[in-house]
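Visitor: What follows is a structure written as structure tokens; I'll ask about it next.
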Amino acid sequence: MRALLGRAFADDPFVGWLTGGSARRRRAYVRLVLDALAWRRGHVDLREGPAGPLAAALWMPPGTWRLSGPDQLRLLPAVIRSVGLTRLGAAAEASERVER
């Protein structure tokens, strides 16, 4: 699943901007979204092909995407691995705009 999503996000403009174009940070972002958000708080649909995962859909139902203060603090190290410390403010602002 991580490899599938990594390929899907490889040329995504927003994820590329968010991760500064770093393949390492993009992998960290995929882990964050999949492991910390989608598996725990949302839904994941997976379609298998003959050679493994073919397609995936991840989403969080209404009311489940907003994180509490303690949850945000718990995820902060993973967010920093995804976007980098110097881009943390810009990433937080972008995330806030997406939420609105």
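Taking my numbering, I'd label the letters of the sequence shown as residues 1160 to 1259. Glycine included, C-beta positions come from ideal geometry on N, C-alpha and C.
In terms of alpha-carbon separation, which member of Gln1231, Leu1164, Arg1166, Asp1194 lies closest to Glu1255?
Guide: Selected option, being the one with the closest Cα: Gln1231.
Visitor: Say whether the segment 1229-1243 touches the segment 1171-1180, bearing in mind that this needs 3 or more beta-carbon pairs closer than 8 Å, one atom from each stretch.
Guide: Flag = yes, the segment 1229-1243 and the segment 1171-1180 touch.
Visitor: Specify, as a first and last residue, the run of the alpha helix (DSSP H) that Ala1249 falls within.
Guide: Its alpha helix (DSSP H) spans residues 1247-1258.
Visitor: Go through its chain and collect everything with a Cβ distance to Ala1195's Cβ below 7 Å, but skip five positions before and after it.
Guide: Counting only Cβ-Cβ distances below 7 Å, and skipping sequence neighbours, we find Leu1234, Ala1237.
Visitor: Please confirm whether Ala1173 and Val1189 have their CB atoms less than 8 Å apart.
Guide: It should be pointed out that residue 1173 corresponds to Phe in this sequence rather than to Ala. No. Outside cutoff.
Visitor: In angstroms, rounded to a whole number, what distance separates the CA positions of Arg1246 and Arg1185?
Guide: Taking the straight line from one Cα to the other gives about 14 Å.
Visitor: My output table needs one value for Ala1187: the three-state DSSP class, helix, strand or coil.
Guide: Helix at Ala1187.
Visitor: Skipping 5 residues on each side, what residues in its chain have a beta carbon closer than 8 Å to that of Glu1129?
Guide: The requested residue 1129 is not part of the displayed model; the chain covers only 1160 to 1259.
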